[in-house]
Amino acid sequence: MKIVLGLFTIFLMSNNVFAADPQYLKIKVYKMAVSTSPLCTNLVTIIDNGSSPTYTDVLVNPTLGSGSVADGTYPCVVIEFSDTLQFASDTTTGSCTASTNVSMSVCQNSETSTLIDGSTTTCTAGDDRVAMYLSTASTATTGTGGHSAFQAPTSVGDATKGFLLSTALTVSGSAAGKFVVNGTGKIDGTGGSCDMQPPAFSFSKVQ
4 MKIVLGLFTI FLMSNNVFAA DPQYLKIKVY KMAVSTSPLC TNLVTIIDNG SSPTYTDVLV
64 NPTLGSGSVA DGTYPCVVIE FSDTLQFASD TTTGSCTAST NVSMSVCQNS ETSTLIDGST
124 TTCTAGDDRV AMYLSTASTA TTGTGGHSAF QAPTSVGDAT KGFLLSTALT VSGSAAGKFV
184 VNGTGKIDGT GGSCDMQPPA FSFSKVQ
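Residue numbers for the sequence shown follow this note's numbering, beginning at 4 and rising by one.
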């Protein structure tokens, strides 16, 4: 076993003149797991923050946990988290007001999610524990109608389940795995309420 997860970090990068960027993004992470299969089978939990995690501003304090995993390539990462996110826009645009906190539920009422332990949960109008599947087998980058980020992809090129993980986690010797979330231009003020579109996900390796 190699210690490769000294810090699991999230960074939101910004610099886009066409849409607003997030000032912060706060999430509550329960668990993270990885799989050597792009279809996210035989998940191995590498972070477990217990049953009562707190909101973390991933711009100010991006440490999500630590763990170990064997050398190899992991094209699937699953994040089990609260489906109620908190964010703010860095500028005023449309229905978004700069520096104003927005709470957003990302799992719709009656939508289901398969958790890391294999159990299924049905989302409500309140706060729910869900699992988001990030895989190189998924092609979706937006949560359009008929798509579920809370189910594992069933085939390579699946456009209906999971979100695209553009770079797999590759482990070779002792290193820190940096989980990069690019939120550039993802704040959307075009609707009746301020919204945030799904960011882009990838991995980089830190020696």
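Positions of the beta carbon are idealized from the N, C-alpha and C atoms, including for glycine.
Please say whether residue j and residue i have beta carbons closer to each other than 8 Å?
{"i": "K29", "j": "D74", "result": "no"}
{"i": "P56", "j": "V81", "result": "no"}
{"i": "C99", "j": "G186", "result": "no"}
Going by alpha carbons, who is nearest to residue i out of the options?
{"i": "G194", "options": "D51, D130, G97 and C126", "result": "G97"}
{"i": "V88", "options": "V109, A155, S71 and V80", "result": "Checking the sequence, you will find Leu at residue 88 rather than Val. Taking only the C-alpha atoms, the option nearest L88 is V109."}
{"i": "V184", "options": "A91, G149, R132 and F204", "result": "F204"}
{"i": "G68", "options": "K164, N52 and S196", "result": "N52"}
{"i": "A128", "options": "G149, I119 and S106", "result": "S106"}
{"i": "T76", "options": "P202, E114 and V37", "result": "V37"}
{"i": "L125", "options": "S151, K34 and T66", "result": "The sequence shown places Thr at residue 125, not Leu. Comparing Cα-Cα distances from T125 to each of S151, K34 and T66, the minimum goes to S151."}
{"i": "I119", "options": "N112, E83, D131 and D130", "result": "E83"}
Helix, strand or coil: how does DSSP classify residue i here?
{"i": "V72", "result": "strand"}
{"i": "Y58", "result": "coil"}
{"i": "F182", "result": "strand"}
{"i": "K189", "result": "coil"}
{"i": "K31", "result": "coil"}
{"i": "F204", "result": "strand"}
{"i": "F153", "result": "coil"}
{"i": "P25", "result": "strand"}
If contacts are defined as beta-carbon pairs under 8 Å, then residue i and residue j qualify, I think. What distance do you get, rounded to the angstrom?
{"i": "F153", "j": "K181", "result": "F153 to K181, Cβ: 24 Å. No contact."}
{"i": "P201", "j": "G146", "result": "6 Å"}
{"i": "K164", "j": "T157", "result": "6 Å"}
For a cutoff of 8 Å on Cβ pairs, would you count residue i as touching chain D?
{"i": "S113", "result": "No chain D appears in this structure, which consists of one protein chain only."}
Note down, in chain order, each residue of its chain lying with its Cβ closer than 6 Å to the Cβ of residue i, except the 5 sequence neighbours on either side.
{"i": "T139", "result": "P41, P78, L168 and A171"}
{"i": "I6", "result": "Note that I6 scores a pLDDT of 35, beneath 50, so its modelled location is shaky and nothing firm can be said."}
{"i": "V133", "result": "D86, C110, S116 and F153"}
Tell me which same chain residues have a C-beta within less than 8 Å of the C-beta of residue i, skipping the five on either side of it?
{"i": "T103", "result": "A91, S92 and C197"}
{"i": "G160", "result": "A140 and T142"}
Using a Cβ-Cβ cutoff of less than 7 Å, which residues in the same chain neighbour residue i once the five nearest sequence positions on both sides are dropped?
{"i": "A101", "result": "S92, D93, T94 and T95"}
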